[in-house]
Amino acid sequence: VGLNASTGYDATQYFYSLPSNRIELWFLLESQRFLHPIFREFYKERDVVQEENRMRVESSPQGKLLQDFLATAFEAHPYRNPPGGWPSDVANLRVKDAQAFYAKYYAPANIVMAIVGDVNPGEARRLAEHYFDPLPKRPLPPLLHTMEPPQPGPKTAIVDSPSQPLLVIGYKRPDQQDKDDPVFDIASEILSGGRTGLLYRSLVQQKQVALEVEAADTFPDGKYPDLFLFFVAPALGHTVDEAHKALDDVLESFKAQKVDAQTLMRVKTKARAEVIRRLDNNAGLASLLTANYAAYGDWRKLFTSLDDLNKVTAEDVQRVAQKYFVTPSRTVAYTAAPRDGAAQAGGVAEGGRQ
């Protein structure tokens, strides 16, 4: 038996693993938690969240960099806020705040559940109706109306840190429901698909200006418009500027030349294989089913997404790269050694814009 939970930018996930002959016990216990929640360990867990922030952000150059990067990239949308909350807000949370949050967001219609394993679907449905039907009906929480305004120009954030330099670059992109979402996935594989990716071959193997380079097709989550992310760790003796220029050179070439058919086929095969690989275990399948239902309103999207990847053309990849990898929508953040009199951290846009 195992249980855990995590909170991301778009949702909170709960994970359970238990013998199939104990499924009714799980329904009983979980339904009682939803019907009669007791926050007896609230302050203990609040301390845990604060300690995690100190470990993952305050004591981590990469964590601090990503936090300041998002706070700079997003001017209005909640993606600018860390999912664990700002330290001063967390420190002032009380039990009544958790109770109010629960009442607002833990409505039955706002919950997606997936049960995977050696279970009888009819019996699982019967148990769900029996144990969860008593949950009081409540309206869905209000929709998020705060949309990020168009970015007027490139932004830069500099984080003072004595650690090895790190560079993060993000370009604004539409949400995961956009028709071009699978194109971003393929573009990410072409650019950063391991040692065969364009970025690794250029920055790490050929120019040797980076120790590590990665791309993420959506960051931080994807339910709302977010970012196509690049992360670079410059090699010893090389600067952030050198690594940035080398990455820009790859992107300009990527936009100018269509990917060849052989590379596109290889990348599609790899992307499909990675999706299928996540279906090999119950935890991965359950996670993907709930994520797709929450994002698209249909768990079947998990399987149709494989067809969507296969339909991506070289023209699609070039079109999306030319449309979205543009300077005005770019946010750059990097760590730099502290200088005398320098501010400790912050975001300053290129051209002097704060």
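Heads up, the sequence shown is in my numbering, so the first residue is 3 and it goes up one at a time. C-beta: ideal position from N, C-alpha, C; glycine also. In this text the structure is predicted, and so the values were computed from the model without any measurement.
Check, Outcome
"Identity of the residue in Leu-67, Leu-238, Ile-192 and Pro-123 nearest Ile-160 by Cα", "Leu-67"
"Continuous alpha helix (DSSP H) stretch holding Gln-64: start and end", "63 to 75"
"Candidates Gly-224, Asn-112 and Met-149, of which the one nearest Lys-139 by Cα", "Asn-112"
"8 Å Cβ cutoff, His-79 in contact with chain C", "The chain inventory of the structure shown lacks chain C, comprising one protein chain alone."
"Ile-188 - containing alpha helix (DSSP H), residue span", "183 to 194"
"Spatial neighbours of Arg-82 in its chain, beta-carbon cut-off 7 Å, leaving aside the 5 residues before and after", "Leu-72, Ala-73 and Phe-76"
"Reference Thr-14, options Ala-316, Leu-308, Asn-55 and Asp-223, closest by Cα", "Asp-223"
"Where Ile-40 falls, given that 16 or more other Cβ within 10 Å makes a residue buried", "exposed"
"3-residue-minimum beta strand (DSSP E) runs that sit fully inside the segment 127 to 170, ordered along the chain", "157 to 162"
"Strand pairing of Ala-217, partner residues [DSSP]", "Phe-232"
"Coil, strand or helix - Gln-356 by DSSP", "With a pLDDT of 32 at Gln-356, under the threshold of 50, the modelled position of this residue cannot be trusted; read the value that follows with caution. Gln-356: coil per DSSP, three-state reduction."
"Separation of Phe-305 from Lys-181, as counted between CA atoms", "16 Å"
"Alpha-carbon to alpha-carbon, Phe-230 and Val-319", "14 Å"
"Outcome for Pro-293 when other beta-carbon atoms lying within 10 angstroms are tallied against a minimum of 16", "Per the sequence presented here, residue 293 reads as Ala, with Pro not at that position. Classification for Ala-293: buried."
"Environment of Leu-146 [buried if 16+ CB atoms lie within 10 Å]", "exposed"
"Inter-residue Cα distance where the pair is Gln-101 and Pro-80", "21 Å"
"At least three beta-carbon pairs within less than 8 Å, the segment 203 to 216 to the segment 232 to 249", "yes"
"Nearest-angstrom Cβ-Cβ length linking Tyr-336 and Pro-167, presumed shorter than 8 Å", "6 Å"
"Residue span of the beta strand (DSSP E) that contains Leu-5, given as start and end", "4 to 9"
"When Lys-106, Ser-33 and Gly-65 are compared against Ala-130, the one with the closest alpha-carbon", "Ser-33"
"Same chain only: Cβ atoms within 8 Å of Leu-137, ignoring 5 sequence neighbours per side", "Ser-33, Phe-36, Leu-37 and Pro-110"
"Backbone secondary structure at Gln-15 - three-state DSSP", "strand"
"Segment limits, beta strand (DSSP E) that includes Tyr-107", "No beta strand (DSSP E) holds Tyr-107; the alpha helix (DSSP H) holding it covers 97 to 107."
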